[in-house]
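Numbering (numbering that gives the first Met the number 0), first residue to last: 0 to 740. Built from N, CA and C at the ideal position, the CB exists for glycine as well. Owing to the predicted nature of the structure, the values given are computational and were not obtained by experimental measurement. Each remark here refers to the structure printed beneath this line.
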Amino acid sequence: MDILSGLNPAQREAVVSTRGPVLIVAGPGSGKTRVITHRIAYLVAEEGVPPWRVLAVTFTNKAAREMRDRVTDLLGQASEGLTLGTFHAVCARMLRIDGGAIGIDRSFAIYDDDDQMTLMKRVLIDIAVDAKRVSPRSILSTISKAKSELTTPAEYARAVSDYFQEIVSRAYARYQQLLEQNTALDFDDLLMRTVQLLSQSEDVRTRYQERYLHVLVDEFQDTNVAQYALAKLLSEKHRNICIVGDEDQSIYSWRSADYRNLLNFQTDFEGAKTILLEQNYRSTQTILDSAQGVIRRNQGRHDKVLWTENDRGLPVTIFEAQDDEDEARFAAGEIAAALRSGERPAGDFAVMYRINAQSRALEEAFMREAIPYRLVGGTRFYQRREVKDLIAYLRLIQNPTDSVSLLRVINTPTRGIGAKAIEELWRWAQNTDVPPYEALRALIAPVRPANGAPPFRAGMLNALVRFIDTIEQVREESLGLTPPELLNTLIERIQFRRYLMDGFEDGEERWANVQELVTVAAQYDALEPREALASFLENVALVSDVDELEQRSAAATLITLHAAKGLEFPVVYMVGMEEAVLPHIRSYDSPEQMEEERRLCYVGMTRARERLVLTHARRRALMGTPVFNPPSRFIKDIPEQLTESRSRSDDFPLDRRSIARAGVLPRPGRVPVSAQDVAAAIGGGERNFQPGERVRHPKFGEGIIVSTRANGGDQEVTVAFKGESGVKRLMVSYARLERHS
DNA sequence: CGCCGTACGGTTTTT
DNA sequence: CCGTACGGCG
Numbered sequence: 000m001d002i003l004s005g006l007n008p009a010q011r012e013a014v015v016s017t018r019g020p021v022l023i024v025a026g027p028g029s030g031k032t033r034v035i036t037h038r039i040a041y042l043v044a045e046e047g048v049p050p051w052r053v054l055a056v057t058f059t060n061k062a063a064r065e066m067r068d069r070v071t072d073l074l075g076q077a078s079e080g081l082t083l084g085t086f087h088a089v090c091a092r093m094l095r096i097d098g099g100a101i102g103i104d105r106s107f108a109i110y111d112d113d114d115q116m117t118l119m120k121r122v123l124i125d126i127a128v129d130a131k132r133v134s135p136r137s138i139l140s141t142i143s144k145a146k147s148e149l150t151t152p153a154e155y156a157r158a159v160s161d162y163f164q165e166i167v168s169r170a171y172a173r174y175q176q177l178l179e180q181n182t183a184l185d186f187d188d189l190l191m192r193t194v195q196l197l198s199q200s201e202d203v204r205t206r207y208q209e210r211y212l213h214v215l216v217d218e219f220q221d222t223n224v225a226q227y228a229l230a231k232l233l234s235e236k237h238r239n240i241c242i243v244g245d246e247d248q249s250i251y252s253w254r255s256a257d258y259r260n261l262l263n264f265q266t267d268f269e270g271a272k273t274i275l276l277e278q279n280y281r282s283t284q285t286i287l288d289s290a291q292g293v294i295r296r297n298q299g300r301h302d303k304v305l306w307t308e309n310d311r312g313l314p315v316t317i318f319e320a321q322d323d324e325d326e327a328r329f330a331a332g333e334i335a336a337a338l339r340s341g342e343r344p345a346g347d348f349a350v351m352y353r354i355n356a357q358s359r360a361l362e363e364a365f366m367r368e369a370i371p372y373r374l375v376g377g378t379r380f381y382q383r384r385e386v387k388d389l390i391a392y393l394r395l396i397q398n399p400t401d402s403v404s405l406l407r408v409i410n411t412p413t414r415g416i417g418a419k420a421i422e423e424l425w426r427w428a429q430n431t432d433v434p435p436y437e438a439l440r441a442l443i444a445p446v447r448p449a450n451g452a453p454p455f456r457a458g459m460l461n462a463l464v465r466f467i468d469t470i471e472q473v474r475e476e477s478l479g480l481t482p483p484e485l486l487n488t489l490i491e492r493i494q495f496r497r498y499l500m501d502g503f504e505d506g507e508e509r510w511a512n513v514q515e516l517v518t519v520a521a522q523y524d525a526l527e528p529r530e531a532l533a534s535f536l537e538n539v540a541l542v543s544d545v546d547e548l549e550q551r552s553a554a555a556t557l558i559t560l561h562a563a564k565g566l567e568f569p570v571v572y573m574v575g576m577e578e579a580v581l582p583h584i585r586s587y588d589s590p591e592q593m594e595e596e597r598r599l600c601y602v603g604m605t606r607a608r609e610r611l612v613l614t615h616a617r618r619r620a621l622m623g624t625p626v627f628n629p630p631s632r633f634i635k636d637i638p639e640q641l642t643e644s645r646s647r648s649d650d651f652p653l654d655r656r657s658i659a660r661a662g663v664l665p666r667p668g669r670v671p672v673s674a675q676d677v678a679a680a681i682g683g684g685e686r687n688f689q690p691g692e693r694v695r696h697p698k699f700g701e702g703i704i705v706s707t708r709a710n711g712g713d714q715e716v717t718v719a720f721k722g723e724s725g726v727k728r729l730m731v732s733y734a735r736l737e738r739h740s
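This is the structure in structure tokens:
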């Protein structure tokens, strides 16, 4: 049978075990995507399951796209109708169609984190909490966690046990209320509300449960409570659920993912069949062994025996750079050399890093070396201000109750409606109990409603009337326009081009982005205008970037470790392999987070097919100031015989530029910051600590210096203390730290 | 009200 | 380093 050819016995079993619950534990590079696509093809072609009765959920849109392509390769037209997408996309679709059953208007907007923040700031005003004392961010993230655990505001309120939770509880209630008033859902709502829909409406639940004869979920280790509940609900009738995951690749717990769902699965779905995919087809033995050396140190994991028939291959290179620029120069230099010699095409290379900010140095180096590259993530297209502004206009046109969008556009471009006027408008609308947009509309109503005189002076009234007039006009016209026509009309009416060109240094680039947006919108030309606008907006909300032109072979890839999950490259550079970067400083608080950093490292390493290079820098500019971090602990966990070490020779002369960057040469407003200079500034080097040194503190006890940085002529050290004290950041001149051996 | 300058603070990862 | 918050001016 040709769908099964070329699969090993375990893979084959994973494809043909189509009855009942199945758990596939798939190590990196084990051909798991192939297994899933072949399984879908097998269901359709061999078992005659109609594609529309199959639901396949992936973790990213990109994965969904790739999977769809592969299924189409196997089945052609026969795959038409298959439901394939992320949980969020699948839920959004269900809510558009059936959300009415629990009172969700089908024109709901989807709020991203910016929108959430805007809304939360209003919430804090409404419940009279000072945003400076409690950070809106932390409230939002607490609420998000509650939602992904399916905790409603009422349930949350019942479990409140301290002051912070008390505030969160009030904020949560008000926040949900405002979302509803705005006819908007945030990302967590998409999941939570769908679970509610399925549990509360028997009719809807039965319909979907009947429909989905087979449910497949990829990257199951990254599901949260809500997603797990969805998977369970949707597969309850037929119980043909196949989940694929690997606890060692769980890297999204900060987003409430819980890899224990993998383990719960076996208890929740009795008699689930477990299939292990342990043969690796991707990496050399050396790379695999190195990665295993790192991951093996995690507690409480099930040890897997990954093996490969591939060659041992090259040793893992460990490179010590002087600083982050030097590190970038090294990677770019090697890649450029390989391109020049024709050894490899640019598409073979990927450079991976822990945080997006690290990409800058790399980009500069790549540009200097004229290496074609694509930057994945970073400031994504739909995150750009000018793009978001226009999207907000469209959202407002589609859904006038959306006050977050209204707030965004009411004075963009500036039309003399400032903070004060907005405040008045908000209060006025609230007093008369209508959405702000409706309140504005009352200003141009032929017959003025009797609900209180508008609290604006003549000049302001004028500005507001002009604004609402413009929007209302475009709204009326919108019914007959395609998305690009609508955008162009809008752009012209608000004179957006002039606003961008005159108002910004990089106006040209911003304008180019606007035009790009119009181009993207043209994909929806064929649909009926209202529906076109709706699907355009939904896609904008759920798809984080514009379809990358798949110019794989033409460009090297710069990517975060998180975003690299699921990908593979012949050559991988992992940069910033230092304490405080990977593992990230924020993960020192808890062993769980530290284990996640380890998994992240493992994920990165196992992306490499043939060659893996790990680099660390002695000095790195972080947030403008240099820090000195020792090499990552993860490097030490790689068996030494598998590695080769390289570094710039120790007497490598620092060029003037990097000296200037490090701040050894005095710069206005900055303090001396090289290690030597700090020593000099503080006096005699007595107090100049280096990472790795053992110290004692009168209160916190014994500890070890994790990292150091200069701060206001003083030295700030991060110290990991033994026992309960944990990690502290201390100023050397105040903290009575002693060296200790 | 909008604009400009300066001071300050915060920086992980993403659907 | 960068974006934003805030204060003072036109």
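- In this structure, Thr17 places its C-beta atom within 9 Å of the C-beta atom of Tyr41.
- Rounded to whole angstroms, the separation of the alpha carbons of Leu261 and Phe107 is 33 Å.
- A Cβ-Cβ distance of about 6 Å is found for the pair Tyr155 and Tyr171, placing them in contact under the 8 Å criterion.
- For Asp125, the CB contacts under 6 Å within the same chain, skipping 5 residues up- and downstream, are Arg173 in chain order.
- Put simply, of Ala533, Ser252 and Tyr572 the residue whose alpha carbon is nearest the alpha carbon of Thr481 is Ala533.
- Bounds of the alpha helix (DSSP H) holding Thr141 are Pro135 to Ser147.
- By the Cβ rule, the region 625-642 does not count as touching the region 340-352, because fewer than three pairs are nearer than 8 Å.
- If you ignore the 5 residues before and after Arg11, its C-beta comes within less than 7 Å of the C-beta of Leu3, all in its own chain and listed in chain order.
- Shortest Cα-Cα distance from Asp104 to any of Ala183, Arg169 and Arg645 involves Ala183.
- Here DSSP, grouped into helix, strand and coil, assigns Thr59 to coil.
- Secondary-structure assignment with DSSP links Glu342 through no beta bridge to anything.
- The DSSP-derived three-state label of Asn7 is coil.
- For Pro435, same chain residues with a beta-carbon under 7 Å away, outside a window of 5 residues either side, are Ser402, Leu405, Leu424, Trp425 and Ala428 in chain order.
- Counting only residues of its own chain and dropping the five nearest sequence neighbours on each side, Val304 has a CB closer than 7 Å to the CB of Glu277.
- The shortest C-alpha to C-alpha distance from Glu475 to any of Arg647, Pro399, Glu324 and Arg585 is the one to Pro399.
- Under the rule that a run must span 4 or more residues, the alpha helix (DSSP H) segments found entirely inside the region 102-135 read 112-125.
- Between the alpha carbons of Val539 and Tyr381 lies a gap of roughly 7 Å.
- Distance from the CA of Leu232 to the CA of Gln208, rounded to the nearest whole angstrom, comes to 7 Å.
- Cβ-Cβ separation between Arg492 and Thr469: approximately 5 Å, consistent with a contact (criterion under 8 Å).
- Listed in chain order, the alpha helix (DSSP H) runs fully inside the region 335-405 are 358-367 and 384-397, counting runs of at least 4 residues.
- A Cβ-Cβ contact shorter than 9 Å links Glu577 with Pro629.
- With contact defined as three or more Cβ pairs closer than 8 Å, the region 221-230 and the region 189-198 are in contact.
- Note on geometry: alpha-carbon atoms of Glu319 and Arg647 lie some 7 Å from one another.
- Here the region 597-612 makes contact with the region 307-317; the two share three or more CB pairs at distances below 8 Å.
- Trp306 is a Cβ neighbour of Asn279, given a cutoff of 9 Å.
- Per DSSP, reduced to three states, the secondary structure at His37 is helical.
- Per the C-alpha coordinates, the member of Met459, Phe163, Pro152 and Pro454 positioned closest to Ser134 is Phe163.
- The alpha-carbon separation between Gly479 and Ile396 amounts to approximately 13 Å.
- When the five nearest sequence neighbours on each side are left out, the beta carbons in the same chain lying within less than 7 Å of the beta carbon of Ala9 are those of Ile274, Leu275 and Leu276, in order along the chain.
- Nearest to Lys272 by alpha-carbon distance, out of Pro20, Asp245 and Val15, is Pro20.
- Under the three-state reduction of DSSP, His87 is assigned to helix.
- Between Ala62 and Leu541 a beta carbon distance of about 14 Å is seen, past the 8 Å cut, so the two are scored as non-contacting.
- Your pair Thr85 and Val56 checks out as a contact, with CB atoms roughly 7 Å apart and the cut at 8 Å.
- Separation of Phe466 and Arg440 (C-alpha to C-alpha, rounded to the nearest whole angstrom) is 10 Å.
- In the three-state reduction of the DSSP assignment, Lys419 falls in the helix class.
- The DSSP assignment places 213-216 and 240-244 as complete runs of the beta strand (DSSP E) inside the region 209-260, in order along the chain (cut-off: 3 residues).
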